[in-house]
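So the structure is just underneath, and the comments pick up after that.
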Amino acid sequence: MEYIKSKDIFILMRETLRLIHPRLIDHGSRVAYMVYMMLKDKGIYEEFELADIVMVASLHDIGAYKTEAGSLNDMLRYESRDSRAHTIYGYLFFKYLSPVEDLAKVIMYHHMDYEQLQKVDYPYKDLAAYINIAEKMDIYSTAMGSQFDLQMFHKQAGTKLSEEGLNLFYQVVKKYDIFEKIKTGEYKGELDDIIDYMIFSNEDKKKFLEMLMYCTGFREEHIVVDTVTSICICEEIANKLMMTADEKEKLYYGALLHDLGMLAIPREIVEAPKSLSSEEIKMLRKHVAVTEKVLNDAAMRSDIVSIATGHHERADGSGYPKKTKNFQMSQEQRILQVADVVTGMTNKRSYRDPLPKDKVISILEEEAAKNRLNKQIVNTFIDFYDDIMQSIQTKSAEIMKMYQTLNSQYAQVSKRFKM
19 MEYIKSKDIF ILMRETLRLI HPRLIDHGSR VAYMVYMMLK DKGIYEEFEL ADIVMVASLH
79 DIGAYKTEAG SLNDMLRYES RDSRAHTIYG YLFFKYLSPV EDLAKVIMYH HMDYEQLQKV
139 DYPYKDLAAY INIAEKMDIY STAMGSQFDL QMFHKQAGTK LSEEGLNLFY QVVKKYDIFE
199 KIKTGEYKGE LDDIIDYMIF SNEDKKKFLE MLMYCTGFRE EHIVVDTVTS ICICEEIANK
259 LMMTADEKEK LYYGALLHDL GMLAIPREIV EAPKSLSSEE IKMLRKHVAV TEKVLNDAAM
319 RSDIVSIATG HHERADGSGY PKKTKNFQMS QEQRILQVAD VVTGMTNKRS YRDPLPKDKV
379 ISILEEEAAK NRLNKQIVNT FIDFYDDIMQ SIQTKSAEIM KMYQTLNSQY AQVSKRFKM
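Using the working numbering, the first residue of the sequence shown is number 19, and each one after it goes up by one.
Right, here's the structure in full:
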């Protein structure tokens, strides 16, 4: 069953990363447009191939969300830093987590000097060379404004930058008036047109959505841990209640995406080592509305959006943001509500350790007695508490293994290059 179209997967990823750092994703979009126009003019790729390249070019700096957080507000400073950290992390991220792993090395090589790149045996190395050119053109033209000289990089032709790529860039700038289209925003429409050609299988879409979950770890790693925990709890409860395969699938995606909006919440609130003030609580609760907007902007199917954004509602109408009552809720929403509460109690927080079993059960029974959480779902969880928690531990370890492998390999490479 299709819950989201192929092009909307890209839009969802783009808009989620925008929550972390809007300037970086806008930079990626402009670079992708420049590269797209170069390749379109060259005429060697089909539209569906160009669409995949646009995605990778748009996300060519994805590793910087993890490694360069302190320098992203100054793009010139960011450009002048040693780039190995974010190119390697970005490469590993795409290699292990995306379904377009054959293009992952484009990310790793996009800062490599052309003289060195020529020695690399990789079929898409010209794409990396073009991204390198487009990135420099965008960063310097944005920073220098009217003082920017298109020819300022020509002295690097054949050494740091591809001479063929530079000449192609000069050609398309003159032919298509690229910088004017970027200035007016007209380029966005052309990018939207090409991403209509994206073709992903349902399995590819699932992998991209799981990759998106791991993106939340760029800001706060515990959000990934919490999401994985909630997914596992939902799956276990759904199995015990003998839900249909379609219901389980919808619940899975709702749980997978339910905390994307946390990326918009200031870190000092998310990681506060104390009780939050009323204003801080109000700010924290905005994450649900942010999640809803991002999912709706990407045209995610409405029932998935409802599940994802209903995890703080309560059966007696005391939840937020819509104060939905029990008769207005789906079974999937009720399960995710319990899973989210359990996750919050059983995972470590900045201000406390995980709660013990007896305390967790006591709180759940109290919430069910007050008609805030569904009694059947709460009782199902309590009846199988030990089995479910053991299964969560096993399944969470399996899901997190790839993420941990990525971080471990990055740490090893960083040590090797003393980054």
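Heads up, the beta-carbon is just placed ideally off N, CA and C, and yes, glycines get one too.
task: My understanding is that Ala333 touches Asn344, with C-beta atoms under 8 Å, so please give their C-beta distance in whole angstroms.
output: Against the sequence shown, residue 333 aligns to sequence position 315. Against the sequence shown, residue 344 aligns to sequence position 326. 4 Å between Cβ atoms; contact.
- request: Decide if Phe218 is buried, meaning its Cβ has at least 16 other Cβ atoms within 10 Å, or exposed.
  value: Counting from 1 along the sequence shown, the entry for residue 218 is found at position 200. Around the C-beta of Phe218, 16 or more other C-beta atoms lie within 10 Å, and the residue is accordingly described as buried.
query: Does the pairing of the stretch 161-172 with the stretch 205-223 give three or more beta-carbon distances under 8 Å?
result: Not touching, per the Cβ criterion.
- request: Please determine, among Glu119, Ile80, Val118, Tyr114, the residue with the shortest C-alpha to C-alpha distance to Ala103.
  value: Start at 1 with the first residue of the sequence shown, and residue 103 comes out as number 85. For the options Glu119, Ile80, Val118, Tyr114, the alpha carbon positioned closest to that of Ala103 is the one of Ile80.
- request: Rounded to whole angstroms, what's the CA-CA distance from Met437 to Lys123? Just pull it up for me.
  value: As a first step, residue 437 is located in the sequence shown; it is residue number 419 there, counting from the start. As a first step, residue 123 is located in the sequence shown; it is residue number 105 there, counting from the start. Unreliable placement is indicated for Met437, whose pLDDT of 44 sits below 50; no coordinate value is reported for it.
- prompt: When we look at the beta-carbon of Phe166 and count the other beta-carbons within 10 Å, is it buried (16 or more) or exposed?
  reply: One-based indexing of the sequence shown puts residue 166 at position 148. So Phe166 counts as exposed.
- request: With a threshold of 16 other CB atoms inside 10 Å of the CB of Lys377, please say whether the residue is buried or exposed.
  value: On the sequence shown, position 359 is the one that residue 377 refers to. The residue in question, Lys377, is exposed, as its Cβ has fewer than 16 Cβ neighbours within 10 Å.
Residues of its chain near Asn389, where Cβ-Cβ distance is below 7 Å and the 5 sequence neighbours each way are ignored: Here residue 389 is taken as the residue at index 371 of the sequence shown, counted from 1. The answer, listed in chain order, is Ala333, Asp334.
query: What is the residue span of the alpha helix (DSSP H) that Arg285 lies within?
result: Translated into positions along the sequence shown, residue 285 becomes position 267. Residues 285-288.
message: Taking 8 Å as the cut-off, does the stretch 177-190 touch the stretch 140-155 (at least 3 CB pairs, one atom from each stretch)?
response: Under the Cβ criterion (8 Å, minimum of three pairs), the stretch 140-155 counts as touching the stretch 177-190.
query: Is Glu221 buried or exposed, if buried means 16 or more other CB atoms sit within 10 Å of its CB?
result: Counting from one through the sequence shown, the residue named residue 221 turns up at place 203. In the assembly as shown, Glu221 is an exposed residue. Its beta-carbon has fewer than 16 other beta-carbons within 10 Å.
Nearest-angstrom Cα separation, counted from Met318 out to Phe226: Residue mapping note: residue 226 aligns to position 208 of the sequence shown, counting from 1. Residue mapping note: residue 318 aligns to position 300 of the sequence shown, counting from 1. Our two residues, Phe226 and Met318, have alpha carbons roughly 14 Å apart in a direct line.
field: Arg303 in three-state terms, based on DSSP
entry: The residue labelled residue 303 in the question sits at position 285 within the sequence shown. Here Arg303 carries a coil assignment [DSSP, helix/strand/coil].
task: Using 10 angstroms around the beta-carbon of Ala50, count the other beta-carbons present and answer buried if the total reaches 16, otherwise exposed.
output: One-based indexing of the sequence shown puts residue 50 at position 32. Ala50 should be labelled buried.
message: Between His78 and Ile22, how many whole angstroms is the CB-CB distance? I'm expecting something under 8 Å.
response: For the purposes of this step, residue 78 is taken as residue 60 along the sequence shown, with counting starting at 1. For the purposes of this step, residue 22 is taken as residue 4 along the sequence shown, with counting starting at 1. Between Ile22 and His78 the Cβ distance is about 23 Å, and since that is not below 8 Å, they are no contact.
query: Where do the N-terminal and C-terminal ends of the alpha helix (DSSP H) with His45 fall, by residue?
result: Counted from its first residue, the sequence shown places residue 45 at position 27. 40-60 is the span of the alpha helix (DSSP H), which, as asked, contains His45.
CA nearest to the CA of Tyr140, picked from Leu121, Tyr148, Ile149: To locate residue 140, count along the sequence shown from 1; it is residue 122. The shortest Cα separation from Tyr140 among Leu121, Tyr148, Ile149 belongs to Leu121.
message: Helix, strand or coil, according to DSSP, for Asp321 in the structure here?
response: Taking the first residue of the sequence shown as 1, we reach residue 321 at position 303. Three-state result, Asp321: helix.
- prompt: Which class does Arg390 belong to by DSSP, given the choice of helix, strand or coil?
  reply: Residue numbering aside, residue 390 sits at position 372 when the sequence shown is read from its first letter. Under the three-state reduction of DSSP output, Arg390 falls in the coil class, being neither helix nor strand.
task: Could you pull out every residue in the same chain whose Cβ sits closer than 6 Å to the Cβ of Met31, ignoring the five residues on either side in sequence?
output: Within the sequence shown, the letter at position 13 stands for residue 31. Counting only Cβ-Cβ distances below 6 Å, and skipping sequence neighbours, we find Leu230.
- prompt: Roughly how many angstroms lie between the CA atoms of Glu238 and Ile400, to the nearest whole one?
  reply: As a working mapping, residue 238 is identified with position 220 in the sequence shown. As a working mapping, residue 400 is identified with position 382 in the sequence shown. If I take the Cα positions, the gap works out to 29 Å.
query: Smallest Cα separation from Phe28: which of Met56, Pro117, Met261?
result: Here the question's residue 28 lines up with position 10 in the sequence shown. Selected option, being the one with the closest Cα: Pro117.
- request: Output the residue ranges of the alpha helix (DSSP H) runs that lie fully inside the stretch 344-398 and measure 4 residues or longer, sorted by chain position.
  value: Runs of the alpha helix (DSSP H) inside the stretch 344-398: 349-364, 375-387.
- request: Could you check which residue in Glu254, Gln346, Met347, Ser296 has the C-alpha nearest to that of Asp405?
  value: Here the question's residue 405 lines up with position 387 in the sequence shown. For Asp405, the closest of Glu254, Gln346, Met347, Ser296 by C-alpha to C-alpha distance is Glu254.
query: In or out: Glu416 buried (at least 16 other Cβ within 10 Å) or exposed?
result: Within the sequence shown, numbered from 1, the residue matching residue 416 stands at position 398. Glu416 should be labelled exposed.
Beta-carbon proximity check, Arg41 vs Ala152, cutoff 9 Å: Taking the sequence shown and counting its residues from 1, one reaches residue 41 at position 23. Taking the sequence shown and counting its residues from 1, one reaches residue 152 at position 134. Contact: no.
field: Beta-carbon contacts of Lys266 that lie in its chain and below 6 Å, excluding the five residues immediately before and after
entry: Start at 1 with the first residue of the sequence shown, and residue 266 comes out as number 248. Excluding its 5 nearest sequence neighbours in each direction, Lys266 has C-beta neighbours in its own chain below 6 Å: Ala256, listed in chain order.
task: Could you round the C-beta distance between Glu274 and Thr234 to whole angstroms and report it? I think they count as a contact, below 8 Å.
output: What you label residue 274 is simply residue 256 of the sequence shown in a count that begins at 1. What you label residue 234 is simply residue 216 of the sequence shown in a count that begins at 1. Checking the sequence, you will find Leu at residue 274 rather than Glu. Not a contact, Cβ separation roughly 10 Å.
field: Assigned exposure category for Tyr271 - 16 Cβ within 10 Å defines buried
entry: Reading the sequence shown from its first residue, position 253 is the one you call residue 271. With 16 or more Cβ atoms within 10 Å of its Cβ, Tyr271 is classed as buried.
query: When the Cα atoms are used, what is the spatial distance from Val282 to His305?
result: Reading the sequence shown from its first residue, position 264 is the one you call residue 282. Reading the sequence shown from its first residue, position 287 is the one you call residue 305. Residue identity check: residue 282 is Ala in the sequence provided, not Val. Counting only the Cα atoms, His305 lies some 7 Å from Ala282.
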